[in-house]
Structures are given as structure tokens and as C-alpha cells.
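The sequence shown: position 661 = 651 (the numbering used here), numbered continuously.
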Amino acid sequence: MPAIGATVLGYPRIGPHRELKKALEGYWAGAVSRHDLEHTAATLRRQSVRRMAELGLDTVPSNTFSLYDHVLDAAVLVGAVPQRFTSFEDELDRYFAMARGAASRRTRNEGGDERDQPDGDVGDVAPLEMTKWFDTNYHYLVPEIGPATPFQLNAAKLVAEYREALAEGVVTRPVTIGPASLLLLAKPDDEAPAGFRPFDRLDELTSIYAELLETLADAGVPWIQLDEPSFVADRDAAEITALQRVYQRLATLERRPAIFVASYFGDLGDALPALAMTPVEAIGVDLVAGSGAGRVAATPNLAGKTVVAGVVDGRNVWRADLESALGSLATLLGLAGDVAVSTSCSLLHVPYDLDAEPDIDSRLRSWLAFADQKVTEVVTLARGLHEGYDAVAGRIQEGTSARDDRATASSVVDPAVRQRIADLPPEASQRSPYAHRIAVQADNLDLPPLPTTTIGSFPQTGDVRSVRAAYRNGQIDADEYSSRMRTEIERIIRLQERLGLDVLVHGEPERNDMVQYFAELLNGFITTRNGWVQSYGSRCVRPPIVYGDVSRPAPMTVEWASYAQGLTDRPVKGMLTGPVTMLAWSFVRDDQPLADTARQVALAIRDETRDLEAEGIRIIQVDEPAIRELLPLRASEQPEYLRWAVDAFRLATSGVADTTQIHTHMCYSEFGEVMSAIDGLEADVTSIEAARSKMEILPELAASGFARGIGPGVYDIHSPRVPSNDEIATLLLRASQAVPATRLWVNPDCGLKTRSYAEVEPALAAMVTAVRQVREAL
Ligand code: GLN
Ligand code: ZN
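This is the structure:
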């Protein structure tokens, strides 16, 4: 068994120029052949393997490529295909049906089977549900596993990718999710009785992994990497014992590759000593998010094992502190059998290559590291560890001086921002009592009961996008751009008046994205040209980078909002993105606590709210769709996070007069752990997603003591379906049973930017009609 040496836990896969995205979307649209899709995928895989090997890794991962999602790949690997997809005979069709849904082959070819049809959409097969991958911005497909879900090994992809890399001259280490995490990431299928957990089937699933290991041994595979990230979150003693049982069993198989159990996004806690007691050859630990090398080194039974030390941050874009990373590696060296050097997690979460960013100035660039630069850091550290400091002294020095430069750069530290924060009195985060200000707002706004509004964006038509592009490329000047945007805003205002909405929006035509738009206008942020990161399937995001103290050099939205308000007597709602969401969807600083950065962003937003107010805007919505996304994985760390997250929102929204009404919007319907935090935001009105769950959330929210305005979404904007006024009226009546009508607002679930006007106009018309019916009935 070769040593692991320098390695990474995974590598980006969407393509340096998003080749996979384009091939996938072309294939789905029927414009790219299956052969061409497979050719693009194979080319990307081969390039990645060669690149990692050329950059100097000792061992290179494989099977980290995916046509859609690596959790879906793992479900397919073990044959856990829900019944409703089994009629797809072609494997690729079945795979994409699980990922994206599809027209049912059964309906077309074999006659229908009622049971297989999801509610309402006869003839359609619903895809697997999608949810967030731990606390990242990646989304995975949730396997559905019930008592009867078949398990059957299907190692074809994994073996083929191993052989493909071998043909390039690279012996790789296939990677997949381990059995325990795969089941913990899954949800029970619809057939499962109450109380059933996918995890109940761990022993059966472990048998499939045993078969996999034997198959890989036969193929000559030296190492397998089994990821068990679910154990960095809180797990009970039974789950940890089960984990130990799994690896005890797999590691005592006679015919198998060496086993590397990887973890990332936090500390393994009690799972680490449990794993260390099994005869697996290597254990991977995240030394960036986790509590550090000391704790790992104190774990008994590591002496015979390789510790794969994740010392290079796999999910942020900063150059590593090589000096301190070497220190951590040295701490481990004496205690483990061997120490391998790695990233803290897969590099899936960062862009490919800093060299693709010609616009970033050279000084700032010297502080950054994208995937390929991180691979090089890993290689440097491994050399330092094994050949001695002197072998890499030059490189370490270079890294240290870049970090020192960053620490003292005047573009990073803005004394004026620091002073403002230091001078903030505690009352800065406090408004007058709700009962008082809501009365003042009622006078100021004079709205009917059940006021109607929308969440902010209106459809982003091709025309709107091309005007923005033309301005960006210098084809039209600022005046032309402004006049085109004003025309669009006026059209949207008139449409809302015609539809009879009560609180209007300007429609956000000037915004490419709710975070990027502000990042481009704030000091302390930069945006990238090619820094794409996979969000799910073919979807990518380009997170901005917060590199320095944040401030607002000039108003960001006032021009558009006040223009819109000038067109109408009805209140136009100002529209801002909240501090937590700004950070959740960006690469953040690693040189100060996130809470500090959040306060700086909050102050910039606060400045904007006051300027909006001064221009006659009476309602301001501060969107925080991501507030739950940053919730720490361990319960013990959650209260502290929620405290500063709530505080940042309140700092952002407490600078306005009592007369100004603050709204917020969140995109999810299951609040659970964040319910009290939402109350703590003290927004005058909170809009949430509620249509799909048919207002189920409201009684729960009311019972928690939430007693301010609430706008439960009355129709689902994720679907092209136009709701009827009757169904909206039914939902509203149900809502009014849980929440007094005086506190109830009426709006769609989320922004309308991904929809077309053909859907939006009739849907909003139905919403307004429904409200009129309900107002009469109340
Ligand atoms: N105001 C934003 C919009 O309407 C909110 C988007 C969101 O919640 N993700 O597009
Ligand atoms: Zn939303």
C-alpha cells in the first residue's frame, strides 16, 4: 500500500470554463448528443486527474466527478433507486430523472400505475428532494430509503473512472460517501412506517460496501476514501457505536483496498476515538473548521494509522498560513503512524484557478488561493514535512510575507469603519416598542386589512438582461442605461397598480443577483470574472470575496427606489439584502470573526435604510433568506451564532424612524431551530415560504409567541403553475385562523425573477381577487 502523502479530498468538476454546465444544459435541451456529453465529461475528468498529478500530489482522488451530484452517485452505487424511477430502463435517463424529474416512461410505455404518480401531476415523476450540503452553498439530492428499498452494488462508474485515470498514468483513490453518512443524509421514503430511519438499514448497506471493497481489490485499487462527514454534527452514542461497527467489519475483510475514512466541516468529536479503534488504515480530519491538531494528537490508537491532516482550507479562497500548518503537522507527526497532508474538505467549494482572474489587482491576488493554488500549498507542506523546512523555506517565506502584507494593508483595515463600530451605543440596535411603532406606521401607511405585496423581483426578461450586459460591456452609457431601467421600472409600477396590489416594488431589474449587486457597490468586497462554484447540478454561483473592512461609499438603491416612489401614491417598498445573507453567499474573511464582518455590513445597510427613508420610502425590506444556512452543525455553537446574526440584522434595521416599516423575507418554511431568532429580528413584517406546506407553519409560529406582521407565501413561485383565486382564498382563510387578520400580509412565496410575465400576471391577479373575497368574508 503506497503512502497517501500529499492529497486533496476532491476537486472542482463543473469545468474551468463551465464546460460541464454547458454540455448538460445542451443535452437536456436536446442540442447536445449523449456522445458529446460523455466526451465532455471524460475530457474534464482526464484533465483534472492530470492536473492534480502534474501539480505534484502523491495520490489523486477519483470518482469525485459527477454528472449531477455525488450523493446521487452514491445512491446509484448502492442501487438505492426509488420504485418510481425503476421504469426508466436507460441508466442515464434514470439518473437525470432522479435528479430533475421527468415524464414517466411507465405512463407512456406500460400503462399507468396510480401509486407511482405524484399528487396532481399525472404522468410526471418527481425528482429526489434537494437540500443543503451541511453548512455550504452546495445542494445535494436526498436519497429516499425505506424498509423495502433495494440495495445492489453497481460499481461501474467508480471502476470505470479508476481505469480511465490509470490510462492517463495516474493511480487514483476512488472516493464515495461512507455507508453511515449515506444513510444519515437520506430520508425515509413514502412507504416507510412511522419511526423508521434509513440508518436502521446500516448493516445491510455495509454488506454492499463490503462487496464494493472486494470488487475494488480485484481491480487492483490500492486505496478507497469513504467520506463520513455526518459525524462532525451531533450524533448520539448509538450512531457512533454503529459507525465503529461498520468500519470494524469493513476493515477486517480479507480482500480489500486500504481504507481512508474522511471527515470535513468540523470535528469528529467522539467519532474520532471510535474510528481509531477500528483497523482502518487512515482517518482524515478537518484542522481548519475543527478545533486543531492538539485534540487529534491526543486520541488513542492513532499510532498505527495515517492521519490525513486537512490543513489547507478547502472552502475559502485565502492563501494558507503555511508556517502554522507545518506546526500542526509536526504536532501530529510523533503520534500517528504517518501524516498525510490534505485540504480540509473537497475543493468542490472553490473556483479552479486564480490565474483565470485577470481583473484582480496583483496585491490582492497575492493573498488568494483557488483550487490549483491550494493543491500547490498541500504539495509544499508535504515536502516541508518529509524533507524538512529548508526544502520549502522559500515558498513558506513567500506565503508568510503575503499574509503579513494582507494583515497590514490599508485596503483591509479602515480605521473609520472600526471607529464607527467602536462608538456605537447599545441603543443602535434597538427600535421603540413594537406596539408603539406599529400604530405610527399604520397612520403613515393607511393600508387595507390583508395588504398585498410581492417579495421584490419581477421577471428578468431577456430584454432586461441584455440592457445590463450592454451597459457592462460599454455598449451603452450611464444615461442610456438609466433611462432603459426607468422605463422598465415604470412598466412594473403600472402593472402592479393595474393588478391592484397595495404595497409596490420597483422590481429589481438592475440586479444581476441579490448579493453580487451589493458586493459590487460596497468597499471591502470584490467580485470575480470566472470564480464559478457549483451550487447544484448545472447551476453555479460566483460568490464575491470580502477582503477588507466594509463600508458604503455611496447610496446603492436610492436612485431606483425613489424613482419608483415618484411614480405612484402607493407605498413602494425599498429592497435590500441583509448582512447575514451577504456573508453566507460570499467568501468571507478568515482574519477576523464573522460576527465582526457582519456588523460592518450591517452598518452599510443601515446607512442605506436611512437614505431610503429620507427619500420618502416608507417600507424597507431587508432580505435574510440565508440566516438559517450559516447555522453551526453542532447545537452547542448555535446560540452564539444566532446571537450575532440577529444583532447584525437589528443593527442594520434600527436606524430608521418609528414611521418606517421594516420587512424581512426568508425562503424556507421549516423554522425549527431558528424560530426564536426570527422573532428576535423584530422586523415589523416577515414574509416566509408557506404555500407548499399549506400554511402548516403558522400555528407553530403563533405558538412560539411570534406576534408581529407575517406574510405567509400564498403560492409557490418555483412552479410555473398559475394558482386559482379559490385555492389562494382557502389558504388565506386557513392562515387567518392561526394569525389575526390585522397582522396578516399577502404575498407570493419568493421573488418572481425566474418566472415569466405570462405566469406572473394571472397569478398576482388571482392573489388580489382572493384577498378581496377574503376581506369580505372576514
Ligand atoms: N428580494 C429578492 C427577490 O425578490 C428576494 C430573493 C430571495 O429571497 N432569495 O428576488
Ligand atoms: Zn425567497
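Note that CB positions come from ideal geometry on N, CA and C, so glycine has one too.
Fair warning: this is a prediction, and the values are worked out from it, not measured in the lab.
For GLY703, the closest C-alpha among the options ALA693, ILE718, SER694 is that of ILE718. DSSP, read as helix, strand or coil, puts ILE386 in helix. In the DSSP annotation of this structure, the continuous segment of the alpha helix (DSSP H) that includes ILE428 starts and ends at 424 to 435.
DSSP places GLY378 in the coil class of the three-state scheme, outside both helix and strand.
In the three-state reduction of the DSSP assignment, THR76 falls in the coil class, being assigned neither a helical nor a strand state.
The beta carbon of ILE230 is closer than 6 Å to those of ASP260, ALA261, ALA264 in its chain, skipping five residues each way along the sequence. Each of GLN387, ILE350, PHE255, GLU598 was checked against the Cα of ARG519, and the nearest Cα belongs to ILE350. Annotated three-state conformation of ARG36 is helix, per DSSP.
Under the DSSP definition of a beta bridge, VAL612 partners with LEU566, THR654. For ARG235, the uninterrupted alpha helix (DSSP H) segment begins and ends at 227 to 241. Beta-bridge annotation (DSSP): THR333 is paired with VAL302. In this structure, PRO439 places its C-beta atom within 8 Å of the C-beta atom of ALA731. Taking C-beta separations shorter than 6 Å and ignoring five residues to either side along the sequence, the partners of LEU437 in its chain run ASP492, following chain order. Assignment of GLU679 by DSSP, reduced to helix, strand and coil, places it in the coil class. Using a Cβ-Cβ distance cut-off of 8 Å, the region 677 to 697 and the region 628 to 635 are not in contact, since fewer than three pairs of beta carbons, one from each stretch, lie closer than that value.
Nearest to GLU686 by C-alpha distance, out of VAL712, LEU722, LEU202, is LEU722. Boundaries of the beta strand (DSSP E) around HIS129: 129 to 131.
Comparing alpha carbon positions, the residue from ALA19, PRO341, LEU156, SER52 closest to ARG532 is PRO341. Between the region 279 to 295 and the region 245 to 259 there are three or more inter-stretch CB-CB distances shorter than 8 Å, so the stretches are counted as touching. A direct Cα-to-Cα measurement between ILE483 and MET572 gives close to 27 Å.
Taking a cut-off of 8 Å on C-beta distances, the region 170 to 190 does not touch the region 34 to 44, as fewer than three cross pairs fall below it. In the structure shown, the three-state DSSP call for TYR537 is strand. In this structure, the C-beta of PRO615 approaches the ligand ZN to less than 7 Å from one of its heavy atoms. In the structure shown, the three-state DSSP call for ILE516 is strand. With respect to ARG596, LEU641 sits close: the two C-beta atoms are nearer than 8 Å. The beta strand (DSSP E) runs of length 3 or more contained entirely in the region 448 to 475 do not exist; there are none. Closest in alpha carbon position to THR477, among ASP467, GLY538, SER352, HIS496, is HIS496. As the crow flies, the alpha-carbon of VAL523 is around 23 Å from that of ALA87. Within the region 313 to 369, the runs of beta strand (DSSP E) at least 3 residues long that lie entirely inside it are, in chain order, 328 to 333. Nearest to VAL578 by alpha-carbon distance, out of ARG560, LYS563, VAL540, GLY564, is VAL540. Taken atom to atom, the span from the alpha-carbon of ARG246 to that of PRO164 is near 13 Å. Our two residues, VAL50 and LEU344, have alpha carbons roughly 21 Å apart in a direct line.
According to DSSP, residue pairing for LYS177 in a beta bridge involves GLU134.
Distances between the C-beta of ILE687 and the heavy atoms of the ligand ZN are all 7 Å or more. Not one heavy atom of the ligand ZN sits closer than 7 Å to the Cβ of ILE700. With a cutoff of 8 Å on beta-carbon distance, THR321 and VAL302 are scored as not near each other.
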